[in-house]
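Visitor:
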Amino acid sequence: MEQVSEPFTIDLRRLTVLRELQRRGSLARTAEALHLTPSAVSQQIAALARETGVPLTEKDGRGVRLTGQARVLLAHADAIAAQLERARADLGAYGEGGRGSVTIGCLSSGILGVASKAPSAVSTAATWTSLWVSTPRTSSQDPP
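Counting along the sequence shown from 1, when you hit position 42 you're at 41 in numbering that gives the first Met the number 0, and nothing is skipped either side.
1) Restricting to Cα atoms, I'd like to know which of Arg18, Ala80, Ala30, Ala81 is closest to Leu55.
2) Is it right to say Arg13 is buried, meaning 16 or more other beta carbons lie within 10 angstroms of its own, or is it exposed?
3) Do you know offhand how far Ser25's Cα is from Ile9's?
4) For Gly112, which three-state DSSP category applies?
5) What residue does the beta strand (DSSP E) around Asp59 start on, and which one ends it?
6) Mapping the DSSP letters down to three states, classify Gly24 as helix, strand or coil.
7) So, with DSSP's three-state summary, where would you put Gly52?
8) Just to confirm, are Val40 and Ala30 a CB contact at a threshold of 8 Å?
9) The beta strand (DSSP E) with Leu35 in it runs from where to where?
10) If we ignore side chains and look at the alpha-carbon of each, how far apart do His75 and Ala32 end up?
11) Looking at Gln43: is its Cβ nearer than 8 Å to the Cβ of Val16?
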């Protein structure tokens with residue numbers, strides 16, 4: 000297979016199949032866990048190998064074993080899955096009012112007073128909120 004080329008797209012469902020193959024150790028057990036046929040699991044792994052441009056399995060007797068490249072990809076797959084769970088939780092919290100953003104605008108003369116109190120006020124209102132503080136830009140015609 001050819002080396003990974005930039006950019007490439009990976010189907011996250013196929014990463015799930017690869018993660019399950021790592022957990023179960025065989026195509027048959029993976030297929031049973033995912034309610035697929037062994038052939039479908041094999042096809043998903045082959046498609047993921049094409050997407051990434053690297054071999055993910057190699058024959059091992061009557062079964063298959065994961066390659067080093069598959070293990071590298073799996074380390075990233077675990078991080079991707081964790082990040083997706085955080086995104087799902089953030090979206091749920093946003094819908095419940097626990098997440099959002101606040102933008103504060105004020106003149107530069109008042110920025111210290113506003114900006115110093117804003118983070119604590121925002122943190123009590125929500126578990127996670129992004130805070131943006133901005134001042135109006137002055138043009139070259141404005142007096143100093």
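For every residue, glycine included, the Cβ atom is placed at its ideal position computed from N, Cα and C. Just so we're clear, the structure is a prediction, and the values are computed from it rather than from any experiment.
Guide: Well, looking at it:
1) Translated into positions along the sequence shown, residue 55 becomes position 56. Out of Arg18, Ala80, Ala30, Ala81, Arg18 has the C-alpha closest to the C-alpha of Leu55.
2) For the purposes of this step, residue 13 is identified with residue 14 of the sequence shown, where counting begins at 1. Under this definition Arg13 is a buried residue.
3) In the sequence shown, residue 25 corresponds to position 26, counting from 1. In the sequence shown, residue 9 corresponds to position 10, counting from 1. Spanning the two alpha carbons is a distance of roughly 22 Å.
4) As a working note, residue 112 is residue 113 in the sequence shown. Of the three classes helix, strand and coil, the one that applies to Gly112 here is helix, per DSSP.
5) Walking along the sequence shown from the start, residue 59 turns up at place 60. That run of the beta strand (DSSP E) goes 56-59.
6) Position 25 of the sequence shown, counting from 1, holds the residue named residue 24. Looking at Gly24 - three-state DSSP - the assignment turns out to be coil, as it is neither helix nor strand.
7) What you label residue 52 is simply residue 53 of the sequence shown in a count that begins at 1. Coil, per DSSP.
8) Locating residue 40 in the sequence shown gives position 41, counting from the first residue. Locating residue 30 in the sequence shown gives position 31, counting from the first residue. Their beta carbons are under 8 Å apart, which means Val40 touches Ala30 by this criterion.
9) One-based indexing of the sequence shown puts residue 35 at position 36. Here Leu35 belongs to no beta strand (DSSP E), and DSSP marks it neither H nor E.
10) For the purposes of this step, residue 75 is taken as residue 76 along the sequence shown, with counting starting at 1. For the purposes of this step, residue 32 is taken as residue 33 along the sequence shown, with counting starting at 1. The straight-line gap from Cα to Cα measures roughly 22 Å.
11) Sequence index remark: in the sequence shown, residue 43 carries index 44 (1-based). Sequence index remark: in the sequence shown, residue 16 carries index 17 (1-based). A contact, by the Cβ cut-off of 8 Å.
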